[in-house]
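Going by UniProt numbering, the sequence shown opens with residue 1, and the numbers climb by one from there.
For reference, the structure is listed below as structure tokens.
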Amino acid sequence: MLIRELVRRFLIRQVDCGNRVTVLRALSVKPQPKSDLAEFREVFSKAKHIAIITGAGVSAESGLPTFRAASGHWRKWKTQDLATPQAFSRNSSLVWEFYHYWRELALKAKPSAVHLAIAECEARLRQQGRAVVVITQNTDELHRRAGSKHILEVHGSVFRTRCLSCGDVDVNHNSPICAALEGKGDSDPNCPDADIPVGNLPRCDEGGCDGLLRPDVIWFGETLDSHVLTKVEKELDACDLCLLVGTASVVFPAAMFAPQVASRGVPVAEFNIRPCSSTSPSTFYFQGPCAETIPLALAPHQSEPM
């Protein structure tokens, strides 16, 4: 429903001007994004409702690997091949080894300058009656640990579990999550798989259920939580400034979030270490490490009340 609505609002109405080639040509001749930080900060100082969409590049600033990248591997496996319902059904032990490795990395990681700047910005603007929402594709909870309060986790969290039997969702920060995974999960390609019996993998303790638990994250091939998407849609419709931080915005439906905002004429500012894409919907584009650009962009403006 969300993707159909976004496509209708952003692309379909443009087809009246011609065929699909005409649409693509129209998009390709859009003005290049600006890189004037002073101009962005003027826009930022007037915004009342800011949506900040974050991706793997933000977690990378904390030293976490960008597993969704094409080069992302764990042992000999492409992570896209592990993060699926089919992989969990075939080899729950292997998938839990990978997520145990990922959970342990995330537990040891510290919020970066990006996480802290966003959290500080949210707290400061809240006192001014202005709103900041973090819409994150990351599952590591580093935004939460940095102090952000208004967070929508579109891909879930590795620190929540979901029971395959009773459906119970629970928060779990245990290290390790179960005794059988202690010392497991080494990413060395030569490390043998643990082959843990399914009965020793994380199990549900809700009312004696004892069902097999899985990470409460969105895997490839699964649909996003409709309740979360409804909240995201409301925030994107309400925002008067949108920031894309450390995300290539290629995974759907998140890939349509910024175009949805831009289609209303709302400024979009992108912060990424990669060069600007020719199809970027952004008004502003700031290339470089987000840990350097975001603190400058979100610092208190001289016009803000002290």
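Don't be surprised by glycine CBs; every beta carbon is placed ideally from N, CA and C.
Computed from a predicted structure; not experimentally measured.
- Listed as beta-bridge partners of Tyr101 by DSSP are no residues whatsoever.
- If only complete runs of 4 or more residues are kept, the stretch 44-85 shows the alpha helix (DSSP H) at 56-60, 79-82, in order along the chain.
- Taken through DSSP and simplified to helix, strand or coil, Ser157 comes out as strand.
- Distances from the CA of Gln137 to each of Val232, Ile177, Cys209, Ser45 were compared; the closest alpha carbon is that of Val232.
- Exclusion of the five residues before and after Gly167 leaves no residue of its chain whose Cβ lies closer than 8 Å to its Cβ.
- Annotation note: the stretch 213-274 contains the following uninterrupted beta strand (DSSP E) runs of length 3 or greater, listed N- to C-terminal: 213-217, 241-245, 268-272.
- With fewer than 16 other Cβ atoms inside 10 Å of its own Cβ, Gly63 counts as exposed.
- Only residues of its own chain outside the window of five on either side were considered, and among them Val133, Val134, Ile135, Thr136, Val228, Lys231, Val232, Glu235 have a CB closer than 8 Å to the CB of Leu152, listed in chain order.
- For Gln287, the enclosing beta strand (DSSP E) covers residues 284-287.
- Taking a contact as a CB-CB distance under 8 Å, the pair Leu244 and Ala258 counts as one, their CB atoms being some 6 Å apart.
- Separation of the CB atoms of Thr283 and Lys34 is rounded to 7 Å, and the pair is thereby assigned contact status at 8 Å.
- Taking Pro253 as reference, the option from Glu206, Asp81, Ile218 with the minimal CA-CA separation is Ile218.
- Sequence-distant partners of Glu141 (beyond 5 residues in either direction) whose C-beta falls short of 6 Å from its own C-beta, in its chain, are Ser157, Phe159.
- Within the DSSP bridge table, the entry for Leu152 names Ile135 as partners.
- Where Val114 is concerned, there is no enclosing beta strand (DSSP E), although the alpha helix (DSSP H) around it starts and stops at 113-127.
- Per DSSP, the unbroken alpha helix (DSSP H) holding Pro295 starts and ends at 290-298.
- Collapsing the DSSP output to three states places Lys184 in coil.
- Comparing alpha-carbon positions, the option among Gln127, Cys121, Ser280 lying closest to Gly147 turns out to be Cys121.
- Nearest C-alpha to Ser278 among Arg75, Ala248, Pro295: Ala248.
- Asp170: member of the beta strand (DSSP E) spanning 169-171, first to last residue.
- Taking the Cα positions, Glu270 is about 35 Å away from Gly185.
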